[in-house]
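The structure under discussion appears below in the form of structure tokens.
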Ligand code: RTP
Ligand code: MG
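In the UniProt record's numbering, the protein residues as written are 3 to 163.
See the structure below:
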């Protein structure tokens, strides 16, 4: 998260490998490896399955959109893997690594991105990443309620300098 002087050195983001990608062992392996290859530190990692109501709550901001029902259905359809990732400028780096939401756009504009390589459709697009420091804070708490961002940064950030 971006908090004053901490921002330039270290940022946290929430990354998720979605059910489509967790279901395929080689894809899961490739996505996990790409996190390690891109200089992220894995701060927390867990596998979990959402109930439908978790999915609805997480994506409440999209509740009016035409894809909401299939998104909610899909995200509660099987196991996924969530990470708290740390590095400098983590939010932007992880989103860049994922590529655009829409798979065909990803294939044209960023063929090396994860969604371009592994995405099937705009909904089954392999990964999620927080889009701002505020959503990173909210989403990290959503997936890891026992994890305290500020506390962690205070303790660990000096070690990254
Ligand atoms: P996210 O919130 O997951 O980081 O994705 P995003 O900002 O790249 O995309 P957003 O527009 O916020 O959409 C949230 C999630 O909804 C699914 N989606 N499906 N046309 C479709 O079927 C469609 N459009 C979006 C995607 O899974 C996207 O991650
Ligand atoms: Mg979004």
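Glycine residues also receive a C-beta, built at the ideal position from the N, C-alpha and C atoms.
- [ ] Flag this pair as yes or no: are the beta carbons of residue 124 and residue 104 separated by less than 8 Å?
- [x] The residue labelled residue 124 in the question sits at position 122 within the chain shown. The residue labelled residue 104 in the question sits at position 102 within the chain shown. The answer is yes: Cβ separation under 8 Å.
Open item on the list: According to DSSP, is residue 12 part of a helix, a strand, or is it coil?
Closed with: For this step, residue 12 is matched to residue 10 along the chain shown. Coil.
Open item on the list: With a threshold of 8 Å, are at least 3 pairs of Cβ atoms found where one atom belongs to the stretch 22-42 and the other to the stretch 107-115?
Closed with: no
- [ ] Check whether the Cβ atoms of residue 149 and residue 11 sit closer than 8 Å, and answer yes or no.
- [x] Position 147 of the chain shown, counting from 1, holds the residue named residue 149. Position 9 of the chain shown, counting from 1, holds the residue named residue 11. No, the pair does not count as a contact, with Cβ atoms beyond the cut-off.
- [ ] Measuring alpha carbon to alpha carbon, tell me which of 131, 63, 18 and 157 ends up nearest residue 91.
- [x] For the purposes of this step, residue 91 is identified with residue 89 of the chain shown, where counting begins at 1. With distances taken between Cα atoms, residue 91 lies closest to 131.
Open item on the list: Whole angstroms are fine: how far does the CA of residue 86 sit from the CA of residue 97?
Closed with: For the purposes of this step, residue 97 is taken as the residue at position 95 of the chain shown. For the purposes of this step, residue 86 is taken as the residue at position 84 of the chain shown. The straight-line gap from Cα to Cα measures roughly 14 Å.
Open item on the list: Just to confirm my understanding: we take residue 190, look at its own chain, exclude 5 residues before and 5 after, and list those with CB closer than 7 Å. What are they?
Closed with: The structure shown has nothing for residue 190, since the chain only spans 3 to 163.
Task: residue 125: CB within 7 Å of a non-hydrogen atom of the ligand RTP - done: Counting from one through the chain shown, the residue named residue 125 turns up at place 123. Result yes, Cβ under 7 Å from the ligand RTP.
Open item on the list: Tell me the rounded alpha-carbon separation between residue 54 and residue 80.
Closed with: For the purposes of this step, residue 54 is identified with residue 52 of the chain shown, where counting begins at 1. For the purposes of this step, residue 80 is identified with residue 78 of the chain shown, where counting begins at 1. Approximately 11 Å between the Cα atoms of the pair.
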